[in-house]
Structure formats: structure tokens, C-alpha cells
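All remarks here apply to the structure that follows.
Residue numbers (the numbering used here): 1 to 168.
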């Protein structure tokens, strides 16, 4: 894995990962699963060959660790804004995503790097494909986390999917 991975919480430091290869993308995908991404917080700068977005990341690294006791809607989990930047992007393609609906929120399921492209897969079968010369980028938590009582769940586990958009 070419990148550096630092995963801490409000009980530590923020997530910061440099992306340099497919292994880095696979590793960071787990941390970004169930991130909520407003379409309005995504941009492609063709002249800089850069795709950027700001997500509301669920802090999976805290699940299963020391959590506050549950009770009457008390927050047990956290979300945090997370900046995601991909470099060396030559083309951005979307499938089943209306980029003109700037109020739309997408739920990120996974990120995969294969050959010379990076696929961001979203709930509802939407995809953003980034064609790249080589994998390079940065994923970094921004600002302070906020509490949430909701933990995302997935239908394939027999549980309902849950979402909670926090501050934007």
C-alpha cells in the first residue's frame, strides 16, 4: 500500500489517507462506505485534472469500540465532513445520477480502482467513473465530528438501510 493511513477519532486524530495505488483505494473504501455526498459538493476541474468532493462520512472505525451507553436517542456514533480528492483525472462519466439536481444526496457504497479507472458506486445503482492516468489523491477528515444515533444498516444483512444527513 503506497499511501499513509491514520485513523483516529474525536478520541484521537482525523482520518487522512494518501492514495497511490488500488490497495489504497480499497482500504479507504471501507472508511467511506455509507458516506452521504451532496451533488452540490462535487466538482471536476478539467484544466487541473482534479475531481473533488466533500462527504459526510460515518465513522466506522469507532463502531465496536468503546461507545456511550444507548438510551432514549442518545448519540452513540459520529459523522464527520471528509474531503476527497482524485488527481490525474482525464474523464468523468456518470450513470443513473442526475448531475443537474444540485439538491440530491448520494449514499456511497464502495470505491474500486481497476486498470485506469476509479468507480464510485452509490445506492440506487448510480456510478461515477473517473478515468485516470494513474491513481493519486487524498482523503482527509475536515472539521469536528458531530453525534448521530443512526448507524447505517444494509438490506443484505436483513436490516433496513439507514441514513442521517448532518450539518452541511
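For glycine and all other residues, C-beta sits at the position ideal for the given N, C-alpha and C.
Just so you know, these numbers come straight off a predicted model, no measurement behind them.
Taking a cut-off of 8 angstroms for Cβ pairs, the stretch 111-130 and the stretch 55-64 do not touch, as fewer than three such pairs fall below it. Between residue 81 and residue 143, the C-beta gap is smaller than 8 angstroms, which places the two residues in contact. Contact check for residue 135 and residue 52: beta-carbon distance about 15 angstroms, past the 8 angstroms limit, so the pair fails to qualify. In the DSSP assignment, the residues bridged to residue 121 are 110 and 127.
One Cα belongs to residue 46, the other to residue 56, and the distance between them is close to 25 angstroms. By the neighbour-count criterion, in which 16 or more other beta carbons inside 10 Å mark a residue as buried, residue 124 falls on the exposed side. Fully contained in the stretch 26-65 are the following beta strand (DSSP E) runs of length 3 or more, in chain order: 36-38, 42-45 and 50-58. As computed with DSSP, residue 83 is found in a beta bridge with 54 and 140. Relative to the Cα of residue 28, the nearest Cα in the group 109, 103 and 43 belongs to 109.
Rounded to whole angstroms, residue 155 and residue 33 show a C-alpha spacing of 14 angstroms.
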